[in-house]
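Chemist: Below are the structure tokens for one structure; questions will follow.
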Amino acid sequence: GLMCMPLARDEDFVARWGPERFEESYGQFGIKTIWGYGPDSGILPCPVYLRHCVLAAQKAGEEAHASLLDDTFLADRRTPIREYLRRRPDIMELQPPPGLEHLYSG
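The sequence shown: position 16 = 708 (our numbering), numbered continuously.
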């Protein structure tokens, strides 16, 4: 199964939705790229959203859950989500912000 498939490049986003939407959604906040982060960028997943993805994968069954944990990697292209969660077990204890529980609870 496929949970999330990004466009291949930032240029694909701009071609599909236009430069104005890119600026409104990202540029105004100083974000210069969506998918252009290299292995040495240090970018990490949003903890509450990662928790949500893990819970959703659990609901989808053991195969989906194991695939998310073992076949999905951090931006470093080396660390599987399972290892990252071993180092950050607190992530699975986080609660979504008030009012977003229905969106981010798996």
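Backbone N, C-alpha and C fix where the C-beta goes; we use that ideal spot for every residue, glycine too.
State the Cα-Cα distance for the pair CYS745 and LYS724, rounded to the nearest angstrom.
Modeler: Their backbone Cα atoms lie some 25 Å apart in a straight line.
Chemist: Would you call the segment 725 to 744 in contact with the segment 764 to 773, where contact means no fewer than 3 C-beta pairs closer than 8 Å?
Modeler: Cβ pair count under 8 Å is three or more, so yes.
Chemist: Within this structure, are the beta carbons of ALA752 and GLY798 separated by less than 7 Å?
Modeler: No, Cβ-Cβ distance for ALA752 and GLY798 is not below 7 Å.
Chemist: Which partner residues does PHE765 have in the DSSP bridge list?
Modeler: PRO772, per the DSSP bridge assignment.
Chemist: Just confirm the distance between the C-beta atoms of PRO711 and ILE783, as a whole number of angstroms; I'd bet it's less than 8 Å.
Modeler: At roughly 34 Å, the Cβ-Cβ gap does not stay under 8 Å, so PRO711 and ILE783 are not in contact.
Chemist: Quick one: residues in its chain with C-beta nearer than 6 Å to the C-beta of LEU761, no 5 flanking neighbours on either side, listed in chain order?
Modeler: These residues qualify, in order along the chain: ILE773 and ARG774.
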